[in-house]
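Comments concern the structure below.
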Amino acid sequence: MDLSTLVQHIINGISLGSLYALIAIGYTMVYGILLLINFAHGDIFMMAGYFMIFSVINFGLPFFIAIPLVLILTVLLGIILERTAYRPLRNAPRMSIMISAIGASYFLENLATYLFTGVPKRYPEITWLTKIVTFGDVSFQVVTIITPIVTMILLFGLMTLVNKTKVGMAMRAASKDYEAARLMGIKINWIIGITFVIGSFLAAIGSILWGSKYPSVYPLVGMMPGLKCFIAAVFGGIGNIPGAVLGGLTLGLGEALLVAFIPSMTGYRDAFAFILLIIILIVKPNGLLGEKVTDKV
Amino acid sequence: MKKKFLALILALGVISGILTGCGGKEEVKEDVIKIGVFEPLTGENGGGGSQEVDGIKYANKVYPEVLGKKVELVIVDNKSDKAEASVAATRLVEKEKVAAVIGSYGSGVSIAAGDIFKNAKVPAMGASCTNPMVTEGNEFYFRTCFLDPFQGKVMAQYAIEKGNKKAAIITQIGDDYSTGLGNFFKEAFTKLGGEIVYHGEFQTNEQDFNSILTNVKASGAEVIFAPSSIASAGLIIKQTRALGIEAQIMAGDTWENIAIIDVAGESAEGVVISTFFDEHNTLATEEAKKFVKGFKEYLGGPDEIIPAVASLGYDAYVVILNAIKQAGSTDGEAIRKALVDMKGVEGVTGVYSFDENGDAKKDMAVIKIVKDGKFQYIDTVVVK
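Those protein sequences? They're chains L and V, same order as listed.
The opening position of the first sequence corresponds to residue 22 in my numbering, with each subsequent residue numbered one higher.
The opening position of the second sequence corresponds to residue 264 in my numbering, with each subsequent residue numbered one higher.
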C-alpha cells in the first residue's frame, strides 16, 4: 500500500471515529446517571436530521437560524422523550425502562416512516463544510477535519461542566446514588433533564456533522450509528466520558484499518465492532476507562 | 394517570409497527377477490417498495373488477426483512386468504417467502425481483421483470464497449439482489476480457463507504459497479467523488430513483444504470401509452417521472387479473395454469408469456444515464 492510501485510510478512520465519539457521549452520560441505555438515542439523531431538512429545504431558513433551531428542537425532543417514556418509570424495575426505551426507538422510527416515507432525503449542504480539499492523492471534505476538533472542544467543555460546576457536582452525586442525592436536596428530575438536554444537544451536533459527510436522511439512518456508538461507549467504559471518546476513536480507526490491511474483509466491519465488544467484555468488563466506578459521569 | 399515559405511548409504539403493515380492510366480504400486495414499505427498500405499490394501486384503479367481483388489494409490509417477510406472507395466505400475491421489491424477501406461497398453492407474481432464485424450483412464483444474469451482462457489455478494462465491484452482504448482480457482472466482465481489480462488500444500513472507496481508488479501477439499495446509492456516489475518484459509476435497476440524484447532487452526473422501462422508449406497447398519461395524472402532474418498478407493479397486476379471468376462478392451481399457458397479454413493459421457470420472456433492457440532474434514456438493448 502506498503512503497516500494509508494516510487516506487514517483520515477516514479518525473522522468516523470522532463522529462515533460524539454520539457515544450521549449514551454514556445517560447511562452514567440513570443506568439506562437510551436506545432511542440513535433515533433522536435521526430526527435532528429531519429537523434540519425541514428548516432549510422546506422552510428556506438560512443556516444561522436553522442550526440553532435544530439544536433547540432536538433538545426539546430529548426532554419530551425523557418526560413521557422514562420519568413515569423512574421507580419501576430497570427492565421496564429498558423496554420503554426500545419502544420509544421503534415509535420514532415508525413515526418518521409514516410522516416522511422511507425514501432518503437530501441533507442540506453547508457548503464550506462539504468543500473538498486535496493534497496530492489524499482527498477529503473540510468536515472530515472539523469533526475531531469539534469533538475535542465539546469533550473539554463537558469535562469542565462535570468537574468544575455545581450542576456537574450534582450530576456526579446523582450518578453515585440518586436516592441519597435526592435526600441531600438535589432536584433529581432536573439533573436528569439536564443530562438528556446535553445528550440530545450532542446528538444534534453529531447529526449536523454526520449529515454533512453522509448527506442522506431516512428513518433508519440512526440505527447503525446508534449501535456502533453504543458499542463505543461500552468499549470505553460506559458512564465514562473520555472513555466514550476513546471508544469511538478506537472503533472508527479500527474499522478503517481493517479495511485498509485486509481488503477482502471489508464486509466484516460490523463484525469487527462486535468482536471488539466481546473481547472487552471478557477481558475488562468495565471497559477501557471504566475502572473508576465511583466517578461515572 | 402517568402510568396510563405511558402504557398508551408504549402501545402506540407497538401498534405503529403493526399499522404500517396493514393497509387493507379486515372484514371478510364474499363479493370481493383479494389480491395480496407483498411489498416493503419500511426498511431499507421502503422507497422502492412504495413506488411499486403506487403502480399496483393505480392498476387496481384502472381495472377494479374481475369475474364480476371487485378486486381488493391487501397490502402488507415485509419491512425489507427476511424474517418479517415470512410473517407478512403467512398472514396473506392464512388470515387474508388471498387469491394471488404481487411482490416483492427486493429479491431476498421474495426468496424468503417463496415456500410459503408454494405450500399454500397461492400464485405469486414478482414485479421487480430480479434474482434467478426467486422462481427457481417454485412453480407458484412468476415474475414480470428480466433477471440479474441478463442485467449483469448488459452492464458488463456496456462497460467494455465504452473502453473500460478494470472494474471494481461494491456489493451488500446478505442482499441477494446486490450480490447476485455483482457476481453476474463479474462473470460477464471477465469473459469479455476485463479484469475485476477490487471487490468490496458492506453491511445493510452502512453509510460510510470511504474505506472501501479508498481501496477502489488505490486499485485504479476505471469503472465501479455498485448495485445496491436506494439508501446506500446516493452516499456511495457522493463519497466516490469526494475522494477524487473519477471512474464511471454503474448500477442496476434499483438506482432509478430520483432520491439518489437528490442526495448525490452534481456527483450523480454520468452515472449509468440499466432498467426495465422508459416512457420515451419507442418500442413501447399501446398499454404503455395509456399508462404513461394516466399514471402521471395519478401521481400528481405531467412532470412526474415514472419509476420503472411502478410500471412493473402495474404489469404484475394486469397479468394476475388476466390469469384469474382466464381461469374463471380464484383457485390457486387454476390461476397457475392460466399463467403457464398465458400468451400475448400486453403490459406496459412488454408483452407477456412465461418460460418454464415462471420468468417473463423478455429480451429488452433500457439503459439510462444521469444528465442535468435527471435520468435520461440512452439506449434500448435487445438480446437475441
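For glycine and all other residues, C-beta sits at the position ideal for the given N, C-alpha and C.
The structure displayed is predicted, hence computed values, not measured ones.
Classification of residue i by the beta-carbon crowding that lies within 10 angstroms, buried from 16 upward
i: Met22 of chain L; result: exposed
i: Ser285 of chain L; result: exposed
i: Thr181 of chain L; result: exposed
i: His543 of chain V; result: exposed
i: Ile37 of chain L; result: The question names Ile, but residue 37 of chain L is Leu in the sequence shown. Leu37 of chain L is buried by the Cβ-count criterion.
i: Gln639 of chain V; result: exposed
i: Thr442 of chain V; result: buried
i: Arg504 of chain V; result: buried
i: Ala69 of chain L; result: buried
i: Ile311 of chain V; result: The sequence as given places Gly at residue 311 of chain V; Ile does not occur at that position. So Gly311 of chain V counts as buried.
i: Glu290 of chain V; result: Caution applies to Glu290 of chain V, whose pLDDT of 45 falls short of 50 and renders its modelled position unreliable; the value that the coordinates give is listed next. Counting Cβ neighbours within 10 Å, Glu290 of chain V comes out exposed, since fewer than 16 surround it.
i: Asp516 of chain V; result: buried
i: Gly366 of chain V; result: buried
i: Lys634 of chain V; result: exposed
i: Phe554 of chain V; result: buried
i: Val361 of chain V; result: buried
i: Asp294 of chain V; result: exposed
i: Glu567 of chain V; result: exposed
i: Arg193 of chain L; result: buried
i: Leu204 of chain L; result: exposed
i: Lys358 of chain V; result: exposed
i: Gly284 of chain V; result: Residue placement at Gly284 of chain V is flagged as unreliable, the pLDDT there being 46, under the threshold of 50; a coordinate-derived value is accordingly withheld.
i: Asn473 of chain V; result: buried
i: Ala628 of chain V; result: buried
Chain V residues whose Cβ lies nearer than 7 Å to that of residue i
i: Ala277 of chain L; result: Ser474
i: Thr155 of chain L; result: Gly507
i: Leu37 of chain L; result: Asp471
Integer Cβ distance of residue i from residue j, believed to fall under 8 Å
i: Ile252 of chain L; j: Thr49 of chain L; result: The Cβ separation is near 12 Å, so there is no contact.
i: Val164 of chain L; j: Leu230 of chain L; result: 6 Å
i: Lys324 of chain V; j: Glu596 of chain V; result: Going by Cβ atoms, the distance from Lys324 of chain V to Glu596 of chain V rounds to 29 Å, so no, they are not a contact pair.
i: Thr216 of chain L; j: Val51 of chain L; result: 6 Å
i: Ile118 of chain L; j: Tyr107 of chain L; result: 6 Å
i: Phe301 of chain V; j: Val364 of chain V; result: 5 Å
i: Gly497 of chain V; j: Ser160 of chain L; result: So it is not a contact: roughly 19 Å between Cβ atoms.
i: Val96 of chain L; j: Ala87 of chain L; result: Actually they do not touch by this definition, with Cβ atoms about 15 Å apart.
i: Glu485 of chain V; j: Lys428 of chain V; result: 7 Å
i: Gly157 of chain L; j: Ser39 of chain L; result: No, Gly157 of chain L and Ser39 of chain L are not in contact; Cβ-Cβ is about 23 Å, not under 8 Å.
i: Arg354 of chain V; j: Val334 of chain V; result: About 19 Å; that fails the 8 Å criterion.
Interface residues of chain V facing residue i [CB-CB closer than 9 Å]
i: Ala224 of chain L; result: Under the 9 Å cutoff, chain V gives no residues; its nearest Cβ is about 16 Å from Ala224 of chain L.
i: His30 of chain L; result: Asn473, Ser474, Thr477 and Asn478
Beta-carbon neighbours of residue i, restricted to chain L and to distances below 7 Å
i: Val526 of chain V; result: Pro141, Arg143, Pro236 and Ser237
i: Asn478 of chain V; result: Val280 and Pro284
i: Lys501 of chain V; result: Pro236
i: Ile436 of chain V; result: Gly288
i: Ala522 of chain V; result: Val140 and Pro141
Contact set between residue i and chain V, taken where Cβ atoms lie within less than 8 Å
i: Arg290 of chain L; result: Phe465, Gln466, Glu469 and Ser474
i: Met116 of chain L; result: Those within 8 Å of Met116 of chain L in chain V number zero; the least Cβ separation is about 13 Å.
i: Ser160 of chain L; result: Ala505, Leu506 and Gly507
i: Met50 of chain L; result: Ordered by position in chain V, no residue passes the 8 Å Cβ test against Met50 of chain L, which lies about 23 Å from the chain.
i: Asn33 of chain L; result: Asp471, Asn473, Ser474 and Thr477
Contact set between residue i and chain L, taken where Cβ atoms lie within less than 8 Å
i: Ser313 of chain V; result: Thr138, Gly139 and Val140
i: Ile493 of chain V; result: Val140 and Pro141
i: Gly306 of chain V; result: Gly139 and Leu241
i: Val481 of chain V; result: Inspection of the sequence shows that residue 481 of chain V is occupied by Ala rather than by Val. Result: Met22, Asp23 and Thr26.
Amino acids of chain L, ordered along the chain, whose beta-carbon sits closer than 9 Å to that of residue i
i: Leu498 of chain V; result: Pro141, Tyr235, Pro236 and Ser237
i: Tyr461 of chain V; result: Pro284
i: Gly310 of chain V; result: Thr138, Gly139, Val140, Pro141 and Tyr239
Contact list for residue i against chain B, beta-carbon separation under 8 Å
i: Thr134 of chain L; result: Among the chains of the structure shown, chain B does not appear; the protein chains present are L and V.
* Using 8 Å as the Cβ pair cut-off and three pairs as the minimum, do the segment 124 to 144 of chain L and the segment 215 to 224 of chain L touch? -> no
* Asked: In the segment 76 to 161 of chain L, which residue ranges form an unbroken alpha helix (DSSP H) of at least 4 residues, counting only runs that do not cross its ends?
  -> 84 to 102, 115 to 137 and 148 to 151
* **Three-pair Cβ contact test at 8 Å for the segment 266 to 276 of chain L versus the segment 508 to 517 of chain V** => no
* alpha helix (DSSP H) runs wholly inside the segment 432 to 470 of chain V, at least 4 long, in chain order -> 439 to 454
* Asked: Is it a yes or a no for the segment 429 to 441 of chain V touching the segment 480 to 496 of chain V, going by three-plus beta-carbon pairs under 8 Å?
  -> yes
* Please go through the segment 287 to 352 of chain V and give each complete beta strand (DSSP E) segment of 3 or more residues, from N-terminal end onward. => 295 to 302 and 332 to 340
* To do: Entirely within the segment 475 to 518 of chain V and at least 4 residues each: give me those alpha helix (DSSP H) ranges in chain order.
  => 493 to 505
* For the segment 355 to 425 of chain V, which segments carrying the beta strand (DSSP E) assignment without a break, of at least 3 residues, lie completely within its bounds, in sequence order? -> 363 to 365, 387 to 389 and 404 to 406
* To do: Indicate whether the contact test is met: 3 or more Cβ pairs, each with one atom in the segment 407 to 420 of chain V and one in the segment 444 to 454 of chain V, closer than 8 Å.
  => yes
* Could I get the ranges of all uninterrupted beta strand (DSSP E) runs contained in the segment 189 to 227 of chain L, with 3 residues as the minimum, in chain order? => none
* Jot down the residue ranges of each uninterrupted beta strand (DSSP E) in the segment 39 to 66 of chain L, minimum 3 residues, whole runs only, in chain order. => none
* Unbroken beta strand (DSSP E) runs of length 3 or more, entirely within the segment 515 to 569 of chain V: which are they? -> 535 to 538
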